[in-house]
Amino acid sequence: MEERRRARATAGHRLVRGDADARACAALDQAAWAVTFSDQGTPLHRAETTVAVSVCPAFRKVAWWRKPLEEGDSMPWLFWLIAAAALGAAEFFTLTLVFGLLAGAAVVAAVVAGVGIGLLGQLVALAAASAAGLLIMRPVVLRHMAQQPLVRDGTDALIGRRAEVMQEVTATRGLIRLSGEEWSARALDESLVIPVGALVDVMEIEGATAIVYPRELLP
Numbered sequence: 002m003e004e005r006r007r008a009r010a011t012a013g014h015r016l017v018r019g020d021a022d023a024r025a026c027a028a029l030d031q032a033a034w035a036v037t038f039s040d041q042g043t044p045l046h047r048a049e050t051t052v053a054v055s056v057c058p059a060f061r062k063v064a065w066w067r068k069p070l071e072e073g074d075s076m077p078w079l080f081w082l083i084a085a086a087a088l089g090a091a092e093f094f095t096l097t098l099v100f101g102l103l104a105g106a107a108v109v110a111a112v113v114a115g116v117g118i119g120l121l122g123q124l125v126a127l128a129a130a131s132a133a134g135l136l137i138m139r140p141v142v143l144r145h146m147a148q149q150p151l152v153r154d155g156t157d158a159l160i161g162r163r164a165e166v167m168q169e170v171t172a173t174r175g176l177i178r179l180s181g182e183e184w185s186a187r188a189l190d191e192s193l194v195i196p197v198g199a200l201v202d203v204m205e206i207e208g209a210t211a212i213v214y215p216r217e218l219l220p
């Protein structure tokens with residue numbers, strides 16, 4: 002009986018007991034065996050597949066217990082991280098949020114691959130994360146950005162402010178009080194002479210000089 006069992010395995014294969022079929026055959030007082038196929042006898046360096054082969058007459062079947070990834074697919078998470086980096090670089094140059102959200106989806110797929118879920122699960126995670134980002138998150142972010150008022154700082158923040166003329170303003174010189182400080186100024190319209198005490202609006206800032214226009218003449 003032992004010789005018959007050993008004859009079932011070819012050279013380079015080793016026998017291990019198949020637990021599930023062994024329990025099924027225990028009632029019949031028979032044994033079930035699993036044949037572990039290893040590529041050239043180097044299972045630590047090659048993909049290895051184990052099948053449980055029942056010798057019970059009532060349970061003749063082959064059950065695939067496990068099928069690890071092939072050698073070339075041993076690190077799929079690395080592929081997803083490389084893809085995420087490439088998409089992130091594309092987002093840096095385009096600023097459309099599309100590539101950035103796809104990069105995030107690739108990171109999700111990398112996490113799924115890292116916990117041992119197969120390719121189908123990785124693709125499902127990628128598709129779900131991409132759809133959530135592009136269809137839900139991106140419109141919300143774009144709408145928020147469109148509604149957010151433009152915040153100006155520095156001298157740009159002075160444009161549109163009201164000022165008082167401290168010294169007659171002409172096309173070449175003048176002095177105004179702007180936000181509590183004295184600024185040199187000149188008239189936007191070179192034909193105008195703006196008297197002391199007049200209120201003006203700052204139209205532009207050129208270096209340390211404010212270009213102004215009389216408020217009373219504004220439409």
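Residue numbering for the sequence shown follows my numbering, starting at 2 and increasing by one per position. Ideal Cβ placement from N, Cα and C applies to all residues, glycine included.
Query                                                                                                            : Result
Spatial distance of Thr50 from Val108 (CA atoms)                                                                 : In this predicted model, Thr50 has a pLDDT of only 38, less than 50, meaning its place in the structure is not dependable; the value taken from the coordinates is given anyway. Going from the Cα of Thr50 to the Cα of Val108 covers about 29 angstroms.
Residue from Leu193, Arg163 and Gly105 whose Cα sits closest to the Cα of Gly181                                 : Arg163
Closest residue to Gly161 among Ala91, Leu103 and Arg216 (Cα-Cα distance)                                        : Arg216
Unbroken beta strand (DSSP E) run spanning Pro215, endpoints                                                     : Thr210 to Pro215
Runs of alpha helix (DSSP H) lying entirely within the segment 130-194, each at least 4 residues, in chain order : 139-148
Strand pairing of Val201, partner residues [DSSP]                                                                : Ala164 and Pro215
Coil, strand or helix - Ile83 by DSSP                                                                            : helix
For Gly175 and Glu169, believed in contact at Cβ under 8 angstroms, the rounded distance                         : 6 angstroms
8 angstroms Cβ shell around Gly89 - same chain, five flanking residues per side excluded                         : Phe100, Gly101 and Ala104
Exposed unless 16 or more other CB atoms sit within 10 angstroms - verdict on Pro77                              : buried
Whether Ile206 touches Thr156 by CB criterion (7 angstroms)                                                      : yes
Residue range of the unbroken alpha helix (DSSP H) whose run includes Leu102                                     : Val99 to Gly115
Separation of Ala85 from Ala91, as counted between CA atoms                                                      : 10 angstroms
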